[in-house]
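Below is one structure, written out as structure tokens; the observations come after it.
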Amino acid sequence: EPEVTQTPSHQVTQMGQEVILRCVPISNHLYFYWYRQILGQKVEFLVSFYNNEISEKSEIFDDQFSVERPDGSNFTLKIRSTKLEDSAMYFCASSEGTGVTYEQYFGPGTRLTVT
Amino acid sequence: ILNVEQSPQSLHVQEGDSTNFTCSFPSSNFYALHWYRWETAKSPEALFVMTLNGDEKKKGRISATLNTKEGYSYLYIKGSQPEDSATYLCARDTGRRALTFGSGTRLQVQP
Chain B
5 EPEVTQTPSH
15 QVTQMGQEVI
25 LRCVPISNHL
35 YFYWYRQILG
45 QKVEFLVSFY
55 NNEISEKSEI
65 FDDQFSVERP
75 DGSNFTLKIR
85 STKLEDSAMY
95 FCASSEGTGV
105 TYEQYFGPGT
115 RLTVT
Chain D
406 ILNVEQSPQS
416 LHVQEGDSTN
426 FTCSFPSSNF
436 YALHWYRWET
446 AKSPEALFVM
456 TLNGDEKKKG
466 RISATLNTKE
476 GYSYLYIKGS
486 QPEDSATYLC
496 ARDTGRRALT
506 FGSGTRLQVQ
516 P
């Protein structure tokens, strides 16, 4: 069964460093998302991406964050200058269509630890 | 209700018990409600997407109902098995496909 994959599973970085989290969405999917979960808190929406541009973004997704689909398969989240509060589990998701009835399929997450 | 809320926070049942939990959400600007099953160290697994008031969905022993007018959804598990142990998340979509999640209900099924 097709699945969303994410690499790495765990990333440790120092405050102020740039990190890139990578995702391979399901191949025929059109809509891509990033969410995150800070330890002990709810899963939060960051950004959605469709047709090579950002469709929606939350207040969390400020200028420190960017997303890109560099080729036909990868979808990346870049954090330019990491802060301690960026430590969280980051989830990538994808959906087949653009309607609200489509399920969003999640990857297993990348645990980002900022020291 | 301003946010998506789930209750109870956790639940311990015996194998064979049937159980249910609740997701409450703001009834305004409602487009869809998603249910996910999330086992530790795995990807959240999509269970249902529900859009219409009165909707009922079923997958094996798991079923869900939706009341959009009063802003709640119930998830039922019939005859719980140890492999049902997981966190069950609900999430609301206001049409922007940016899901707003609840805190989840953590289910533990004892053999």
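These protein sequences, in sequence, are chains B and D. Sequential numbering of the first sequence, starting at 5, is according to our numbering. Sequential numbering of the second sequence, starting at 406, is according to our numbering. C-beta: ideal position from N, C-alpha, C; glycine also.
If I follow the unbroken beta strand (DSSP E) through residue i, where does it start and stop?
{"i": "B/S70", "result": "69–72"}
{"i": "D/S415", "result": "415–419"}
{"i": "B/F36", "result": "35–41"}
{"i": "D/N472", "result": "467–472"}
{"i": "B/M19", "result": "Element bounds for B/M19: n/a, residue is neither H nor E."}
Given that a residue counts as buried once 16 or more other Cβ atoms are within 10 Å of its Cβ, and exposed if not, what is residue i?
{"i": "B/E48", "result": "buried"}
{"i": "D/A469", "result": "buried"}
{"i": "B/A92", "result": "buried"}
{"i": "D/H439", "result": "buried"}
{"i": "B/T102", "result": "exposed"}
{"i": "D/D489", "result": "buried"}
{"i": "D/R466", "result": "exposed"}
{"i": "D/R497", "result": "buried"}
For residue i and residue j, what's the separation of their Cα atoms in angstroms?
{"i": "B/T11", "j": "B/F110", "result": "13 Å"}
{"i": "D/L471", "j": "D/S433", "result": "14 Å"}
{"i": "B/S13", "j": "B/S99", "result": "21 Å"}
{"i": "D/K474", "j": "D/T456", "result": "12 Å"}
{"i": "D/Q486", "j": "D/Y493", "result": "15 Å"}
{"i": "D/Y481", "j": "D/F426", "result": "7 Å"}
{"i": "D/T424", "j": "D/K462", "result": "16 Å"}
{"i": "D/A437", "j": "D/V454", "result": "7 Å"}
{"i": "B/K82", "j": "D/N458", "result": "39 Å"}
{"i": "D/Q513", "j": "B/R40", "result": "24 Å"}
{"i": "B/V104", "j": "D/Q515", "result": "36 Å"}
Thinking residue i and residue j are a contact (beta carbons under 8 Å), I'd like their distance in whole angstroms, please.
{"i": "B/L25", "j": "B/T114", "result": "5 Å"}
{"i": "B/R84", "j": "B/E5", "result": "Not a contact, Cβ separation roughly 35 Å."}
Does any heavy atom of the ligand SAH sit closer than 7 Å to the C-beta of residue i?
{"i": "D/Y441", "result": "The ligand SAH is absent from the structure shown, which contains no ligands of any kind."}
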